[in-house]
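This report refers to the structure that appears directly beneath it.
Residue numbers (my numbering): 95 to 341.
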């Protein structure tokens with residue numbers, strides 16, 4: 095039986111915006127079934143990496159592989175099929191303000207499946223249970239706290255049972271107690287859904303607490319990579335300063 099390819103792989107990816115090189119011949123792999131954090135300073139290209147993973151940006155050179163397919167060579171229809179393998183929790187949860195919680199989570203189910211309303215209702219309830227928010231279906235986003243909105247956003251992200259979940263700065267703007275709750279939610283979701291999780295962040299304490307693997311982006315390249323313990327023992331000057339600044 096052949097071994098499955100790594101879920102996400104960057105091979106020599108370079109991306110420039112005008113005179114600025116954001117990704118510089120970047121090589122990077124995401125292991126299957128793990129929680130991988132990509133850490134770096136604000137504005138260093140973490141979100142640019144994320145947009146390459148789902149084909150929202152194309153590299154100037156290099157390849158981006160998702161589940162064994164070089165997505166830089168795919169047409170729009172094929173790319174849409176690849177995107178269905180992803181769930182994404184945006185930094186601000188990106189809920190539809192005019193729709194209640196039920197309709198927000200049901201949206202991808204209506205768009206991409208032929209489930210009847212009973213199945214949609216069961217799925218929405220199940221996903222809300224998973225993120226610890228049973229019974230909030232009829233609330234509007236404006237009636238939810240920031241942490242609750244993130245949970246609803248995650249419930250929507252996993253509605254289609256994706257293989258890979260991308261988190262874009264999931265703990266930004268939350269108080270320490272809510273950060274711990276989101277951390278636990280990421281771990282619980284990863285285990286319950288048996289997914290590959292990629293977290294784009296500059297939250298070093300969270301990464302050291304829950305990541306299986308951490309990659310540090312600086313100067314357009316991954317300058318250190320390994321387990322949390324590996325990163326804490328790194329002799330790379332930037333990594334040492336970065337971790338020390340968060341302690």
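Where a beta carbon is used, it is the ideal one built from N, C-alpha and C, also for glycine. Everything numeric in this text was worked out from a predicted model, so none of it was measured.
Quiz prompt | Rounded C-alpha distance that separates residue 281 from residue 243 | solution = Mapped onto the chain shown, residue 281 falls at position 187. Mapped onto the chain shown, residue 243 falls at position 149. Whole-angstrom Cα-Cα distance: 18 Å.
Quiz prompt | Where the alpha helix (DSSP H) containing residue 117 begins and where it ends | solution = One-based indexing of the chain shown puts residue 117 at position 23. Note, residue 117: premise wrong, no alpha helix (DSSP H); beta strand (DSSP E) at 114–124.
Quiz item: Buried or exposed: which applies to residue 288, given that a residue is buried once 16 or more other Cβ atoms fall within 10 Å of its Cβ?
Solution: In the chain shown, counting from the first residue as 1, residue 288 sits at position 194. It is exposed - the Cβ of residue 288 has fewer than 16 other Cβ atoms within 10 Å.
Practice problem: Could you tell me the boundaries of the alpha helix (DSSP H) in which residue 217 lies? | Solution: Residue mapping note: residue 217 aligns to position 123 of the chain shown, counting from 1. Segment 211–224, the alpha helix (DSSP H) holding residue 217.
Quiz item: Any idea what DSSP makes of residue 259, helix, strand or coil?
Solution: Indexing the chain shown from 1 puts residue 259 at position 165. If DSSP states are grouped into helix, strand and coil, residue 259 belongs with the strands.
Exercise. Examine the Cβ distances between the segment 109–120 and the segment 308–327 and report whether three or more of them are shorter than 8 Å.
Key: yes
Quiz item: Thinking C-beta only, is residue 233 closer than 8 Å to residue 195?
Solution: Taking the first residue of the chain shown as position 1, residue 195 is located at position 101. Taking the first residue of the chain shown as position 1, residue 233 is located at position 139. Taking 8 Å as the Cβ cut-off, residue 195 and residue 233 qualify as a contacting pair.
Practice problem: Determine the burial state of residue 256: buried for a count of at least 16 other Cβ atoms within 10 Å of its Cβ, exposed for fewer. | Solution: Reading the chain shown from its first residue, position 162 is the one you call residue 256. Under this definition residue 256 is a buried residue.
Quiz prompt | Alpha-carbon to alpha-carbon, residue 154 and residue 107 | solution = The residue labelled residue 107 in the question sits at position 13 within the chain shown. The residue labelled residue 154 in the question sits at position 60 within the chain shown. Cα to Cα, the separation comes out at about 7 Å.
Quiz item: Relative to the C-alpha of residue 259, which residue among 250, 330, 165 is closest?
Solution: Taking the first residue of the chain shown as 1, we reach residue 259 at position 165. The option with the nearest alpha carbon to residue 259 is 250.
Quiz item: residue 328 by DSSP, collapsed to three states: which one?
Solution: Stepping through the chain shown from its first residue, residue 328 is reached at position 234. Three-state result, residue 328: coil.
Quiz item: Nearest CA to the CA of residue 269: which residue from 290, 152, 240?
Solution: As a first step, residue 269 is located in the chain shown; it is residue number 175 there, counting from the start. Closest option to residue 269, Cα to Cα, is 240.
Quiz prompt | Option in 112, 215, 123, 129 with minimal Cα separation from residue 286 | solution = Taking the chain shown and counting its residues from 1, the one referred to as residue 286 is at position 192. For the residues 112, 215, 123, 129, the minimum Cα distance to residue 286 belongs to 129.
Quiz item: In this structure, does DSSP put residue 180 in helix, strand or coil?
Solution: In the chain shown, residue 180 corresponds to position 86, counting from 1. The answer is strand: DSSP assigns residue 180 an E or B state.
Quiz item: Nearest to residue 263 by alpha carbon, out of 271, 276, 202, 252?
Solution: Counting from 1 along the chain shown, the entry for residue 263 is found at position 169. For residue 263, the nearest C-alpha among the options comes from 276.
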